[in-house]
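J.:
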Amino acid sequence: MFADLGRKQLALATESASAMFRGSEAMRKIQQAAAHQASERHQAAEQKLHGDCTPADLMSIQSALLRDDMQEAAQYWQQLAAAALQTQFEMMGCVNRALSDGGSEGGLGQVFGAWQNAVSRSLNGTNGGTT
Numbered sequence: 001m002f003a004d005l006g007r008k009q010l011a012l013a014t015e016s017a018s019a020m021f022r023g024s025e026a027m028r029k030i031q032q033a034a035a036h037q038a039s040e041r042h043q044a045a046e047q048k049l050h051g052d053c054t055p056a057d058l059m060s061i062q063s064a065l066l067r068d069d070m071q072e073a074a075q076y077w078q079q080l081a082a083a084a085l086q087t088q089f090e091m092m093g094c095v096n097r098a099l100s101d102g103g104s105e106g107g108l109g110q111v112f113g114a115w116q117n118a119v120s121r122s123l124n125g126t127n128g129g130t131t
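In the numbering used here, the protein residues as written are 1 to 131.
1. Helix, strand or coil for residue 68? Go by DSSP, reduced to three states.
2. Beta-carbon separation of residue 49 and residue 30 under 8 Å?
3. Can you say whether residue 104 is buried or exposed, counting buried as having 16 or more other CB atoms within 10 angstroms of its CB?
4. In the DSSP assignment, the alpha helix (DSSP H) including residue 14 goes from what residue to what residue?
5. Which same chain residues end up closer than 7 Å to residue 80 when comparing Cβ atoms and leaving out the 5 residues on each side of it in sequence?
6. With H, G and I counted as helix, E and B as strand and the rest as coil, what does DSSP make of residue 87?
7. Does residue 131 come out as helix, strand or coil in the three-state DSSP assignment?
8. In the structure shown, what three-state DSSP assignment does residue 53 receive?
9. What does a CB cutoff of less than 6 Å around residue 76 pick up in its chain, not counting 5 residues either side in sequence?
10. Taking only three categories from DSSP, how would you classify residue 104?
The structure is reproduced here in structure tokens:
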């Protein structure tokens, strides 16, 4: 049961790291897209401001930019939260698979259970069923 423990621990750590890196990539793509959209919005506003503008035009440009920035910020945070939840879900799936892997042949769940039993027996003053 304990012979495969190191391999299983490394497999769990590697699979979890892979899920975390995929999540980081997804978040980075969201950040890149948000920055690109904001850049385009602000460039368009900049071009309008270089032309002839009445005070009403200035107020319109500023309010449109503020409105769009606020909407995009809300969407950005929603997308980041969704990507973080997806990453967390994938990482928990790694742990779940590791704990149930191997069935009765010694997945990490069985190893953890055996360790937990040994610790509780030692705390209770028993030694594997003999006192």
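Heads up, the beta-carbon is just placed ideally off N, CA and C, and yes, glycines get one too.
Note that the coordinates shown come from a computational prediction; the quantities given were computed from them, not determined experimentally.
T.: On the basis of the coordinates in this document:
1. helix
2. no
3. Unreliable positioning characterises residue 104 in this predicted model, as indicated by a pLDDT of 47, which lies under 50. A coordinate reading is not provided.
4. 5-50
5. 27 and 30
6. helix
7. Any reading at residue 131 is ruled out, since the residue's pLDDT is 47, under 50, leaving its predicted position unreliable.
8. coil
9. 34
10. The predicted position of residue 104 is uncertain, since its pLDDT is 47 and thus under 50; no value can be drawn from it.
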